[in-house]
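Q:
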Amino acid sequence: MRSRQIMRLESQSILQTYGRHPVVLDRGRGTRVWDADGKAYLDFIGGIATCPVGHANPVLVRAIARQAGRLINASNLFYTAPQVELARRLGRLVGYPVRVFFGNSGAEANEAAIKIARRATGRTEILSADHGFHGRTYAALSATWKPAIQRPFRPLVPGFKKVPFGDAKALAKAVTRNTAAFLFEAIQGESGVHPVPEGYLRAAARICRAKGALLVCDEVQCGLGRTGRFFGFQAEAIRPDIITMAKGLAGGVPIGAAICRAEVAARIAKGDHGSTFGGNSLSAAAALAVLDILERRRLLRRARDMGDRLMQGLRAIGLRTGLVTEVRGRGLMVGADLVVDALAVVQAAMRRGLLANRTGEKTLRFLPPLTVSRDEIDEALAILEAALREVAAQAGRP
């Protein structure tokens with residue numbers, strides 16, 4: 003089917019919960035994707051950080067095919083080797099004793115973390131940060147800041163409170179004897195890629211430890227090497243009580259993980275939580291392949307190097323055109339503030355063959371695969387500059 007037919011049928015058959023771009027993606031390879039009409043695009047959205055090793059990575063494809071031919075899912079009534087191996091591998095990457103609960107998404111991982119925090123502490127209050135995003139299921143939505151996506155679904159889950167992002171003094175005042183956990187992102191993605199201020203992670207860990215609350219780090223978007231470190235929180239020497247992961251962990255195959263410090267896990271009993279598909283053999287095998295690729299291709303270092311190139315290029319565009327006012331991020335998690343409408347720039351870039359994402363009226367977010375090359379970075383920057391100039395000219399800016 004051609005693009006127009008697919009889009010027409012989608013409107014007749016799919017619940018209309020997404021605002022989609024008029025592009026029907028059909029296949030991908032590396033950093034490029036092709037639509038149903040054969041047009042190629044550089045993908046600097048990367049499935050919203052779900053494709054760290056690139057589209058159709060042959061090592062990942064072989065691992066998925068091999069496991070699919072052996073066992074896809076056997077239920078958590080039984081033991082499976084890929085699940086255990088993945089949990090052990092994640093434990094080694096964390097670097098201190100942990101136990102892992104597997105789900106199928108970031109929202110599920112955060113829901114698990116919230117339940118675990120309440121069960122392990124006997125407390126009920128969950129703190130989270132202004133402008134944070136933790137998912138759209140009910141408890142995760144209650145921890146999320148965005149009023150527009152909360153409003154239609156109130157009343158939300160009780161016991162959730164917000165604190166100013168990156169403000170250690172405000173956090174110290176907010177944590178009480180009833181606080182089960184502080185759930186936060188080391189780098190907020192949905193709000194436009196905002197890292198926490200230096201020293202904040204250590205302060206948050208100290209505050210939570212002093213008052214018996216758990217520190218829960220949402221690494222769903224910034225984890226898995228995207229920032230140049232395996233975890234975003236590793237920018238400072240802290241040990242979160244719970245770490246949540248998802249998105250790119252299995253290279254595009256649905257997965258989620260709540261990684262709990264062993265002392266926290268010891269307070270959880272059989273039957274406290276569960277998932278039919280969590281940690282299934284297919285997703286676990288895919289995740290193990292992704293971890294192998296990250297290590298063998300040294301993609302954490304590549305994320306740092308290519309991220310520096312992308313941010314330097316964006317700043318150079320700002321100096322040349324005056325259309326980019328701020329660039330921020332770590333590794334290949336990058337945000338850029340514009341003086342023109344971000345959606346118009348996204349659309350102009352798309353016409354030229356670049357997929358980018360906007361997170362606000364005048365903010366772009368870039369989450370390309372960690373396999374992106376120097377030439378692809380430069381090509382994307384050239385397309386983006388042309389798109390910016392086009393939109394500025396249409397808006398009557400010099």
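Quick note: the sequence shown, position 125, residue 127 per the working numbering, numbers continuous. No residue lacks a Cβ here, since even glycine has one placed at the ideal position from N, Cα and C.
Note down, one range per segment and in chain order, each beta strand (DSSP E) of at least 3 residues found wholly within the segment 11 to 79.
A: 27 to 31, 34 to 37, 42 to 45
Q: Buried or exposed for isoleucine 16, going by 16 or more other Cβ atoms inside 10 Å?
A: exposed
Q: Could you pull out every unbroken beta strand (DSSP E) segment of at least 3 residues lying fully inside the segment 216 to 257, listed in chain order?
A: Whole beta strand (DSSP E) segments, 3+ residues: 216 to 220, 244 to 247.
Q: Looking at leucine 62: is its Cβ nearer than 8 angstroms to the Cβ of alanine 288?
A: yes
Q: Which of helix, strand or coil does DSSP assign to methionine 335?
A: Strand, per DSSP.
Q: To the nearest angstrom, how far is it from the Cα of leucine 290 to the Cα of arginine 22?
A: 32 angstroms
Q: Using a 10 Å radius around the Cβ and a threshold of 16 neighbouring Cβ atoms, would you call glutamine 14 buried or exposed?
A: exposed
Q: For glycine 398 and arginine 317, I'd like the C-alpha separation in whole angstroms.
A: Going by the C-alpha atoms only, they are around 22 angstroms apart.
Q: Taking its Cβ as the centre, do 16 or more other Cβ atoms sit within 10 Å of proline 400, making it buried, or is it exposed?
A: exposed
Q: For the alpha helix (DSSP H) containing valine 348, list its first residue and its last residue.
A: 344 to 354
Q: Following the continuous beta strand (DSSP E) through lysine 163, name the residue where it begins and the one where it ends.
A: 162 to 165
Q: Just to confirm the assignment: which complete alpha helix (DSSP H) runs, minimum length 4, are found wholly within the segment 141 to 181?
A: 149 to 152, 170 to 176
Q: Among Leu27, Met308, Val342, Leu369, which residue has its Cα nearest to the Cα of glutamate 363?
A: Val342
Q: Which residues share a DSSP beta bridge with cysteine 262?
A: Arg101, Ile244
Q: May I ask which residues mark the beginning and end of the beta strand (DSSP E) holding alanine 131?
A: 127 to 131
Q: In three-state terms, what does DSSP make of proline 197?
A: strand
Q: Round the Cβ separation of glutamate 192 and phenylalanine 135 to the nearest angstrom and send it over; I've been treating them as touching at under 8 angstroms.
A: That pair is a contact at about 4 angstroms.
Q: Give every residue of the same chain whose Cβ lies closer than 6 angstroms to the Cβ of alanine 142, excluding the five residues on either side of it in the sequence, and list them in chain order.
A: Ala109, Asn112, Glu113, His136
Q: Determine the direct distance from the alpha carbon of aspartate 28 to that of methionine 420, and round the result to whole angstroms.
A: Outside the displayed span of the chain (3 to 400) sits residue 420, for which this structure offers no information.
Q: Applying the 10 Å Cβ sphere with the 16-neighbour rule, what's the burial state of arginine 68?
A: exposed
Q: Classify valine 86 as buried or exposed, calling it buried when 16 or more other Cβ atoms lie within 10 Å of its own Cβ.
A: The residue in question, valine 86, is exposed, as its Cβ has fewer than 16 Cβ neighbours within 10 Å.
Q: Classify alanine 271 as helix, strand or coil using the three-state DSSP reduction.
A: Residue state, collapsed to three classes: coil.
Q: Should methionine 313 be labelled buried (16 or more other beta-carbon atoms within 10 Å of its own) or exposed?
A: Under this definition methionine 313 is a buried residue.
Q: Hey, arginine 34 and tyrosine 43 are a contact pair by Cβ (cut 8 angstroms); roughly how many whole angstroms apart?
A: That belief holds up - the Cβ atoms of arginine 34 and tyrosine 43 are roughly 7 angstroms apart, short of 8 angstroms.
Q: Kindly list the residues whose CB is nearer than 7 angstroms to the CB of glycine 230, restricted to its own chain and excluding five residues on each side of it in sequence; keep chain order.
A: Leu302, Ala305, Arg306, Gly309, Arg332, Gly333
Q: State whether the segment 151 to 159 contacts the segment 259 to 279, with contact taken as three or more CB pairs (one from each stretch) at a distance under 8 angstroms.
A: No, the segment 151 to 159 does not touch the segment 259 to 279.
Q: Considering only C-alpha positions, which residue in the set Ile240, Pro199, Ile261, Gly320 is nearest to methionine 247?
A: Ile261
Q: Excluding five sequence neighbours on each side, which residues of the same chain lie with their C-beta closer than 6 angstroms to the C-beta of glycine 194?
A: Gly337, Thr361, Gly362, Thr365
Q: Please name the residue in Arg330, Leu226, Arg376 whose C-alpha comes closest to that of alanine 51.
A: Leu226
Q: Assuming glycine 315 is part of the alpha helix (DSSP H), what are its boundary residues?
A: 301 to 323
Q: Should lysine 249 be labelled buried (16 or more other beta-carbon atoms within 10 Å of its own) or exposed?
A: By the 10 Å Cβ count, lysine 249 comes out buried.
Q: Excluding the 5 residues flanking isoleucine 295 on each side, which residues of the same chain have their C-beta closer than 6 angstroms to its C-beta?
A: Val55, Val61
Q: Report yes if the CB atom of alanine 259 is closer than 8 angstroms to the CB atom of leucine 203, and no otherwise.
A: Going by C-beta atoms, alanine 259 is not nearer than 8 angstroms to leucine 203.
Q: Would DSSP call glycine 191 helix, strand or coil?
A: Note: glycine 191 maps to coil in three-state DSSP.
Q: Leaving out five residues before and five after asparagine 106 in sequence, what residues of the same chain have Cβ atoms less than 7 angstroms from its Cβ?
A: Pro256, Ile257, Gly258, Ser277, Phe279, Gly280
Q: Within 10 angstroms of its Cβ, does aspartate 39 collect 16 or more other Cβ (buried), or is it exposed?
A: exposed
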